[in-house]
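Q: Dropping a structure here in structure tokens format, bear with me for questions.
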Amino acid sequence: MKRGLTTAVAAVAIMTGAAGCTSGGSDDAARGGSQNTAAKGQNIAAQKACADGTYTWLNVSRRPAVTDMAVATKVKRGGKVSTDGVETVARYTVSVRTQGATLPEKQSIRSLAQQAKPVVPLADRIGQTTAYDKDKDSSYGEAGLPGRYVMARAYDLVEADFRYACGDETVSSGHVVTWDDAAIEIILACGEKLDKKASGGAREAARLGCREGDRARA
């Protein structure tokens, strides 16, 4: 699966339904703006929640994140290798942090998906983690070359900041953490150069698990 690291530096506004949001004030008020701005935020708080607000996304980033890894001892040609023995090296949780209006969390993630355009759907269950279920997710293989092997699991992590406006008023802002909801299972030989189509997760695993000078890191 082809993966890459991309960053969107321009803000993108996306129209969406926002039934159920209530306002806690404008961004300006949250930053200690003028009393007039704060009053406008209070007025929005008293109004019925908007149903056709606009998301503006900023600092959208995508990067490969290795969450579990094991560096094997030397394996003989034909030896068995698997991800069964990987250990946690990083853990991520789906989250939507919001300041101001309360927004439906899955709605925010769906809006982000319109901007990030993931290959597979983004994880959208709040509190979901990248915890590794070895009984379901372990991969197995046979060593094609003798030498050191790295086994790992990775995700394409997606993060972004947002502002949400009802009409001309920004009523909420926040930050989303999620990922392409499909783990990348990795078994690689440090002595073998990675294919040009290798995933970003595989390249990150080689960087973390192989030694300086190994062909997998070249």
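The working numbering applies: residue 29 is where the sequence shown begins, and numbers increase by one. The C-beta atom is built at its ideal place from N, Cα and C for all residues, glycine as well.
Would you call the stretch 208 to 218 and the stretch 127 to 135 touching, i.e. three or more CB-CB distances under 8 Å?
A: No: fewer than three Cβ pairs fall under 8 Å.
Q: Does the Cβ-Cβ distance between residue 185 and residue 91 come in under 9 Å?
A: Position 157 of the sequence shown, counted from the first residue, corresponds to residue 185. Position 63 of the sequence shown, counted from the first residue, corresponds to residue 91. Yes, these two residues count as a Cβ contact at 9 Å.
Q: Is it true that the CB of residue 182 sits closer than 9 Å to the CB of residue 141?
A: Numbered from 1 along the sequence shown, position 113 holds the residue referred to as residue 141. Numbered from 1 along the sequence shown, position 154 holds the residue referred to as residue 182. Cβ distance not < 9 Å, so residue 141 and residue 182 don't count as in contact.
Q: Return the Cβ separation of residue 190 and residue 123 in integer angstroms, given the expectation that the two are a contact with Cβ distance under 8 Å.
A: Here residue 190 refers to the residue found at position 162 of the sequence shown. Here residue 123 refers to the residue found at position 95 of the sequence shown. Going by Cβ atoms, the distance from residue 190 to residue 123 rounds to 13 Å, so no, they are not a contact pair.
Q: Hey, quick one: how far does the alpha helix (DSSP H) through residue 175 stretch, first residue to last?
A: By one-based count along the sequence shown, residue 175 stands at place 147. Neither: residue 175 is in no alpha helix (DSSP H) and is coded neither H nor E.
Q: Within 10 angstroms of its Cβ, does residue 240 collect 16 or more other Cβ (buried), or is it exposed?
A: Reading the sequence shown from its first residue, position 212 is the one you call residue 240. The residue in question, residue 240, is exposed, as its Cβ has fewer than 16 Cβ neighbours within 10 Å.
Q: Using CA coordinates, which residue listed in 175, 107, 188, 155 is at the minimum distance from residue 143?
A: The count along the sequence shown starts at 1 and reaches residue 143 at position 115. Measuring from the Cα of residue 143, the nearest candidate turns out to be 188.
Q: Whole angstroms are fine: how far does the CA of residue 209 sit from the CA of residue 221?
A: On the sequence shown, residue 221 is found 193 positions in, with the first residue counted as 1. On the sequence shown, residue 209 is found 181 positions in, with the first residue counted as 1. The alpha-carbon atoms of residue 221 and residue 209 are separated by roughly 27 Å.
Q: Report yes if the CB atom of residue 204 is closer than 9 Å to the CB atom of residue 125, and no otherwise.
A: Position 176 of the sequence shown holds residue 204. Position 97 of the sequence shown holds residue 125. Cβ distance < 9 Å, so residue 204 and residue 125 count as in contact.
Q: What residue range is occupied by the uninterrupted beta strand (DSSP E) comprising residue 125?
A: What you label residue 125 is simply residue 97 of the sequence shown in a count that begins at 1. 123 to 128 is the span of the beta strand (DSSP E), which, as asked, contains residue 125.
Q: What's the C-alpha gap between residue 81 and residue 138?
A: For the purposes of this step, residue 81 is identified with residue 53 of the sequence shown, where counting begins at 1. For the purposes of this step, residue 138 is identified with residue 110 of the sequence shown, where counting begins at 1. Between residue 81 and residue 138, the C-alpha separation is close to 14 Å.
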